[in-house]
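So in the numbering used here the end of the sequence shown lands on 303, straight run, no missing numbers.
Every residue gets a Cβ at the ideal spot worked out from N, C-alpha and C, and that includes glycine.
Owing to the predicted nature of the structure, the values given are computational and were not obtained by experimental measurement.
Okay, so here's the structure we're looking at.
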Amino acid sequence: MCCALAIISCSRKTEFANRAEAIAAQIHNPDSKYVIVACHRGDWRNFPENSAMAIESVIKMGADIMELDLKMTKDSVLVLSHDSTIDRCTTGKGKVSDYTYEELMQFNLKRAHGVKSDTTHILTLEQALAICKDRICVNVDQGYEFYDKVLEITERLGTTDQVLIKGKRPVDEVAAHEARYSHNLMYMPIIDIQKDRGVELFNSYLEQGVVPLAYEVCWQREDGTLQDACARIRAQGSKIWVNTIWASLCGGAGNDDDAAYISGNPGSVYKRYLDLGVSMIQTDRPELLIGYLEKQGRHSL
3 MCCALAIISC SRKTEFANRA EAIAAQIHNP DSKYVIVACH RGDWRNFPEN
53 SAMAIESVIK MGADIMELDL KMTKDSVLVL SHDSTIDRCT TGKGKVSDYT
103 YEELMQFNLK RAHGVKSDTT HILTLEQALA ICKDRICVNV DQGYEFYDKV
153 LEITERLGTT DQVLIKGKRP VDEVAAHEAR YSHNLMYMPI IDIQKDRGVE
203 LFNSYLEQGV VPLAYEVCWQ REDGTLQDAC ARIRAQGSKI WVNTIWASLC
253 GGAGNDDDAA YISGNPGSVY KRYLDLGVSM IQTDRPELLI GYLEKQGRHS
303 L
């Protein structure tokens, strides 16, 4: 199998075994005009973040990627949690790592505004992947340190080809890690193009001629850096992922989901990214973004 760091040419077939396979084909195709919609922790505005209901909701919306974060319990079970503690999102307190998975089941998940849910609990990665299997791709944001265990689970479930994992590790380190396996998860580097470490990582990919499936690009201010980075990425033949979830990740106020929602004109925000060649967007407003993209003819498999 090819290293996930290398671009894998998209098959020209028009029929796929399932929707997740069709989405993965778009991720692997640098020339695709289809825009991938990634949902940040699922539909957390209506359901507890990273819950089964939050996942089911974004699948029904027609989203392409469910983004999640991983933590490990005291008894080495990978569970879905952005925070290292359970204080914000559950009725319990303390670190995830201080509890066994069974002990975590005594706590209920809370909705975005701290309202307790009645029967919803923290999901294991395996449970989440079982929900997503063949239906939607998955992005593991926090969790590269668990790569080996994640891969073991995805191989057992048959979901490896629909899972993308991100990180800020050096090129050589990622390549050496992947060389241990004949079948790997998709991988995408995170580059903060206005911070020294991000610039160094980005330049290392360009200088070594390593073409990832995509780059997650983060920036804090508007000074032309984004435009330059996007041009270099396009020239390399890779895809561009941006996060419109928070202004601090996309250049400041006016560039994010809230600006698109409040204005009532999503094109005032999202069109700019499409013009720059962005084809993967992580959002907290999936329905708004999908609706806009469908009208532009950019979200139809």
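Under the Cβ criterion (8 angstroms, minimum of three pairs), the stretch 136-151 counts as touching the stretch 67-74.
Bounds of any alpha helix (DSSP H) do not take in residue 285; it lies within the beta strand (DSSP E) bounded by 282-285.
With a contact defined as Cβ atoms closer than 8 angstroms, residue 136 and residue 48 miss out at about 24 angstroms.
Cβ neighbours of residue 302 within its own chain (closer than 8 angstroms, five residues either side excluded): 36 and 296. DSSP assignment within the stretch 182-264 yields the following whole alpha helix (DSSP H) runs of 4 residues or more, N-terminal first: 198-210 and 227-238. Residue pairing from DSSP places residue 68 in a beta bridge opposite 41 and 140.
Excluding residues up to 5 positions away in sequence, 292 lie with their Cβ nearer than 6 angstroms to the Cβ of residue 64 in the same chain. When DSSP states are grouped into helix, strand and coil, residue 117 belongs to the coil group. For residue 165, the three-state secondary structure derived from DSSP is strand. Judged by beta-carbon spacing, residue 231 lies beyond the 8 angstroms limit of residue 212, meaning their Cβ atoms are not closer than that value. Membership of residue 271 in the alpha helix (DSSP H) is indicated by the continuous run 269-277. Assignment of residue 170 by DSSP, reduced to helix, strand and coil, places it in the coil class.
With fewer than 16 other Cβ atoms from the protein chains shown falling within 10 Å of its own Cβ, residue 279 counts as exposed. Contact check for residue 248 and residue 217: beta-carbon distance about 18 angstroms, past the 8 angstroms limit, so the pair fails to qualify. Using a 10 angstroms sphere on the CB of residue 205, the tally of other CB atoms stays under 16, which defines it as exposed. In the three-state reduction of the DSSP assignment, residue 125 falls in the coil class, being assigned neither a helical nor a strand state. Beyond the five residues adjoining it in sequence on each side, residue 238 comes within less than 6 angstroms, by CB distance, of 213 in the same chain, given in chain order. Here the alpha carbons of residue 128 and residue 158 stand approximately 10 angstroms from one another.
Bounds of the beta strand (DSSP E) holding residue 80 are 80-82. The stretch 94-110 makes contact with the stretch 71-85; the number of CB pairs closer than 8 angstroms reaches 3 or more.
Per DSSP, reduced to three states, the secondary structure at residue 107 is coil, with no helix or strand assignment. When the five nearest sequence neighbours on each side are left out, the beta carbons in the same chain lying within less than 7 angstroms of the beta carbon of residue 96 are those of 87 and 88, in order along the chain. Taking a contact as a CB-CB distance under 8 angstroms, the pair residue 91 and residue 51 counts as one, their CB atoms being some 6 angstroms apart. Looking at the backbone, the Cα of residue 281 and that of residue 42 are separated by about 16 angstroms.
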